[in-house]
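Residue numbers (the numbering used here), protein chains in the order written: chain A, -7 to 152; chain B, 460 to 975; chain C, 52 to 549; chain D, 3 to 273. Notes follow the structure.
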């Protein structure tokens, strides 16, 4: 039994680690209340996806994919496609993180805090003169969020 | 001189697919520089590029309808299919590209009045984001490469976050929340691509389609379908993943909200149709379960969206929740999964683009002139803004599905599809959802036509007081730049109803014939 | 034989185009009134000019545009369609004049919107008459529902708002069920074109399925026709100005519902299939209940317009009853009842409008001795009432007589009894009005001097009054409506030997 | 609290499903796995003569899938633009303008205006930072790092390198200089102009694509560019041009974001 586990882990252990990391990050994004923490979990998630893609590029005994005239056979070099794709994914994650940070800065300026509870209630506090639907709009959001995380149908629960 | 013009024309004609995307992209990248040189030059170039993109898309649709096999493949960098990236143009996505570029063109003209008194960085930057959003959306429709679709998805999402965040104080948290959930969607899409790449080794949709047919019983397909449903569900703001949508649509920049609400949620729907029907093929068991799940989510979304929209007083939030319901129609069409069902959902993609675009143009104009969005203050609005109320009425009737407008005919095809597969529950849900729509949309008409006059701070009076004699006389209800898109979309809603049979016959049936 | 002709399209297009022009000419009332009259006259000419051709046997058809991939918006003028279109377009001319007098006399506001939606209603009514398949029928049916709504809430006060909302609830829900029915019928039979004698047959589905779909289809028509359980919206719609009640709630909207029921019974299901199912008996029971109950309620209503509303509910159930008898004479009576009732009821409503505008009186109790002040109006009211009751030499009698013969021909004595009882009840709620008007019990009435309604209103009332008498004597007067009714009934009933 | 556990349960189920699915994924490192031999063999064998770059990854990145990279650069540009739009543009514009001039004294009714000394106007981020040691060491590091960046750009195809890395290193040089010298940094670009230049860099990439279009080739087909040099050199030139565009875009975006952050810091300073 232990030996089968070993071979499984050797062959596909990294995949499981990547998925665990991915869903850990998604859990972090949903549950922690501070928007800055949510943003960090988002980064962890993006890194997890990038790692997942790179798992396909590995070849036992492969050389980095730069033609050095020594190894001739194609199977000698690592698979270049995932690396090329993940360069784009890294730049995209940089872009989204940059925009997220800018939004966070504006949020701290406008609302004074990045805690989700202050933000939602903050909206109500600052907008006392606004109509009452402000408060139940926050409830509607919470209840909508509860509702969708409630039904379990093989997909990721959404985050608010 | 005539010779070069001819050469140029030939060059344009046989590079239509790529020009539809590259011309707005180049205009976007240069718009900052041009608006630094002269404030209006940047805006003009972006609007001209969007006009060109629209004409290009129309030419592309005409070309693809005559092309043999109704298909045009354009290999980037002359590397053919599985090696390089290619555009895979068939009648369905060419026509959607036309509609997207049309609404983008109208939105760019419409937001001229919102950006009149801004200095060059803001107006140039705004127009760059509009152009890049259009590039992303048109690219996502036309591309034939799976990873290329991810990059277009990211470009359109990023510029969408920017456009929403420009919408003032309350749009910042909305944009942030949309950014987080959108990234979850994009990451799930990357997971889906990774799994598909692991199974087939190629990134080209057509090539991947053939390779997948033999591996349909591989349990990985369940994971692929789950992640794709998750990814496109989030981007479409379908029922369980819609929490970001009401704030994002409601508080986004009024000039860009028609484009965001009209086109942004439709393109992932078409991508979902492309994946589940064109690449995977609906006869495999796994896919039948997946489409049935989408159908169920769609049905729930229709009811949930309409119920939530009932108790909204902010007209934009009500429209946002009604978008969740209308997306439910599209998902229902995919869920039904036969020729009529998918025709209905495709037709509803086009109809909803017109309906929602028109309604958001109208509410943007009301916000511009009176600065109000609460429907209780809409009393006797038709006396002051007749054309805007005409579009709101047409949009409302189309949403409810009254025959002369387009909304009815997509509901007709959905019901035909449901009837062929004896899914009576879906027909009941369709009827219930149209009645719920009727309640809250006709209530808006009631508030406009019946409610007593509401005292509103009129922008024109403020200008008159401020400029005194210099204020120019307003004989139109809103500046002409805003009025033209509103009237065009009002008429477009009815035109969609009358010309829907041409759309269905030439576009949907020809392209979908091969699939079912 | 089929003749492609532009006139059906013109008849529908005239009011539609006029409504747009009216909307744009809001500032200049005279031009606006001119547009609505031109539209009315144009539509009437197109409709009436085709009646002789239709009686001679040829069918005018015009394919407007393809609606869905297989169905197209086709207008076809057959017997029944021509009958209903002639009635509604001719009466539109009459009411167009009347409305101008009423709206000016009553100093109504928002007249532009009123005339525009009035024209759209008539356009959809004529469209319903000329629709060649169920989908075109549904398109115009929904247009009619939505176009009538602004007319109902025209007063723009709370009561108007709630009656408008009530009207929408009553008509939209069955409208959607009608759509479901149409889809199921299209899936079962593969075609939606109206065929005299029906295109459905028993092999298309189980008995239960056919019955359920029948009620889905008939429901929408029954609501519009004011069948008893679903009649709630009609009396509360009386809050609308009288021209609306006159033309729409006596002729266009209500008749469209009854016409829809006849189309489904005669042209979709057909007598053979229906005689197999028990559905028409159930519908006939509802019709009889409606006839009796509405007359009783009408008796107790003091407000004249609400009394006439309940009488309309009763009279329209005659049409449904005639259709459900599934006999050629009964069907002929039903078709002619559409014509007869239209002329009579429009006279009564116009009279009520004239009394409201000139004498500012709504309730019957306030009207004693009004005959002295408004003799001509009250004489027209008397003519209309006698017609409704079914006194010979009035057009009401012609249709009731055919209904009675149809009931006997179909071997259903119960219907004969119901028809006679309803005639008696008719007397009970109409004749007292005439007596209070001409022979007031207490002499000192406030109406001393002669104070007639202004000619714009009086002339239309006289025209329809005289016509209902003339039609009583010679039902084929003008566009041979009686021949159309007989031909339509025989076409529907050709299969069934009775 | 309740729905926290619920999300945990849902995610654990999903994670279990995905981990179970890994059993069907190809073994890591196995050369015969499907992704390793469907297309990647073509790339490895033909990269040399097709794209004239021994580094297969940058060959795929710049040539085979050059279209993706074009959009990647635009994503870079968009994020820089959005950050600048959000942070650098401050609605409270007018109050800043008023303070440009201090009224010193009234002479015969006309106020003598003396321009406010700019550094007082700006926040602390604009004063020179750190002592002499940092100043001197920076003077040593910056030039060499910039030189190295140019090398990375030029030799992108042969060795692991390319536009993105070169742009980042170049930007570091400028950022270091800017932070060090504050206002008086020699190479100081205002935020808006930096984003503008990033746009131009990204456009340069698209422009190389346009070139082959006019010469009868497909979009981004380096072989069809109108320069009179051999196919091999054409590809090299093409890759170098797009790498240069990418470098400019990346450098300017990073500088733009930095300027936006500094400017934002000024607004907070005075509010």
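All C-beta atoms in this analysis are idealised placements derived from N, C-alpha and C, irrespective of residue type, glycine included. The structure displayed is predicted, hence computed values, not measured ones.
Closest by CA to residue i, which one among the options?
i                      : options                    : result
residue 844 of chain B : B:717, B:545, B:859, B:942 : B:942
residue 556 of chain B : B:949, B:909, B:479        : B:479
residue 606 of chain B : A:63, A:18, A:0, A:75      : A:75
residue 859 of chain B : B:744, B:847, B:872, B:891 : B:891
residue 547 of chain B : B:531, B:541, B:558        : B:531
residue 207 of chain C : C:159, C:84, C:192, C:230  : C:159
residue 112 of chain C : C:369, C:78, C:145, C:58   : C:58
residue 957 of chain B : B:791, B:884, B:863, B:804 : B:863
residue 52 of chain A  : A:66, A:77, A:33           : A:66
residue 144 of chain C : C:166, C:124, C:132, C:374 : C:166
residue 32 of chain D  : A:47, A:92, A:-4           : A:47
residue 373 of chain C : C:218, C:354, C:337        : C:337
Can residue i be considered in contact with the ligand GTP, in the sense that its beta carbon sits closer than 8 Å to one or more heavy atoms?
i                      : result
residue 480 of chain B : The model on display carries no ligand, and the ligand GTP is accordingly not part of it.
So the beta strand (DSSP E) residue i belongs to, where does it begin and stop?
i                      : result
residue 534 of chain B : 531 to 534
residue 548 of chain B : 545 to 548
Residues bridged to residue i by DSSP?
i                      : result
residue 53 of chain C  : C:110
residue 61 of chain A  : Bridge partners of residue 61 of chain A: none, in fact.
residue 31 of chain D  : A:51
residue 69 of chain A  : A:55
residue 107 of chain A : A:26
residue 182 of chain C : C:126
residue 414 of chain C : C:354
residue 117 of chain C : C:123
residue 602 of chain B : B:546
residue 810 of chain B : Per DSSP, none; premise fails for residue 810 of chain B.
Can you give me the start and stop residues for the alpha helix (DSSP H) that residue i sits inside?
i                      : result
residue -5 of chain A  : -6 to 23
residue 125 of chain C : No alpha helix (DSSP H) contains residue 125 of chain C, which is instead part of the beta strand (DSSP E) from 123 to 128.
residue 919 of chain B : 918 to 926
residue 968 of chain B : Looking at the DSSP string, residue 968 of chain B is not in any alpha helix (DSSP H), and its letter there is neither H nor E.
residue 900 of chain B : 883 to 908
Show which residues of chain C have a CB atom less than 8 Å away from the CB atom of residue i.
i                      : result
residue 897 of chain B : 219, 223
For a contact meaning CB atoms closer than 9 Å, what does residue i contact in chain C?
i                      : result
residue 963 of chain B : 119, 120
Using a C-beta to C-beta distance shorter than 9 Å, which residues of chain D count as neighbours of residue i?
i                      : result
residue 513 of chain B : Those do not exist, as residue 513 of chain B stays about 20 Å from chain D at its closest Cβ, beyond 9 Å.
What does residue i reach in chain B if we use C-beta pairs closer than 7 Å?
i                     : result
residue 70 of chain D : 544, 606, 607, 610
At 8 Å on the CB atoms, spell out the chain A contacts of residue i, in chain order.
i                      : result
residue 628 of chain B : 102
So which residues on chain A does residue i lean against when the C-beta distance must stay under 7 Å?
i                      : result
residue 580 of chain B : Simply none; closest approach about 15 Å.
residue 43 of chain D  : 66
Under 8 Å between beta-carbons, which chain B residues line up against residue i? List them in chain order, please.
i                      : result
residue 204 of chain D : 488
Mind listing the chain D neighbours of residue i? Cutoff is C-beta to C-beta under 8 Å, in chain order.
i                      : result
residue 833 of chain B : Per Cβ cutoff of 8 Å: no residues; residue 833 of chain B is ~24 Å from chain D at best.
Chain A partners of residue i, CB-CB under 9 Å?
i                      : result
residue 133 of chain D : Simply none; closest approach about 29 Å.
Using a Cβ cut-off of 9 Å, pull out every chain B residue sitting near residue i, in sequence order please.
i                     : result
residue 92 of chain A : 620, 635, 638, 639, 642
The region 166 to 173 of chain C in contact with the region 87 to 102 of chain C per 3-pair CB rule at 8 Å
The region 166 to 173 of chain C, when compared against the region 87 to 102 of chain C, does touch it at the 8 Å Cβ threshold.
Whether or not the region 498 to 512 of chain B and the region 571 to 579 of chain B are in contact is what I'm after, with contact meaning three or more pairs of Cβ atoms, one per stretch, closer than 8 Å; do they touch?
In this structure the region 571 to 579 of chain B lies against the region 498 to 512 of chain B, because at least three pairs of beta carbons, one per stretch, are closer than 8 Å.
Just checking, does the region 780 to 789 of chain B make contact with the region 703 to 720 of chain B on the three C-beta pairs under 8 Å criterion?
Using a C-beta cut-off of 8 Å, the region 780 to 789 of chain B makes contact with the region 703 to 720 of chain B, since at least three inter-stretch Cβ pairs fall below that distance.
With three or more C-beta pairs closer than 8 Å as the rule, is the region 473 to 480 of chain C touching the region 380 to 400 of chain C?
Short answer: they don't touch.
Stretch-stretch touch, CB-based, cutoff 8 Å, three pairs: the region 57 to 66 of chain D with the region 181 to 197 of chain D
Segment contact: the region 57 to 66 of chain D against the region 181 to 197 of chain D, fewer than three CB-CB distances shorter than 8 Å; contact not assigned.
Tell me whether the region 614 to 627 of chain B and the region 668 to 677 of chain B touch, counting them as touching only if at least three CB pairs, one residue from each stretch, are closer than 8 Å.
In this structure the region 614 to 627 of chain B does not touch the region 668 to 677 of chain B; the number of beta carbon pairs closer than 8 Å is below three.
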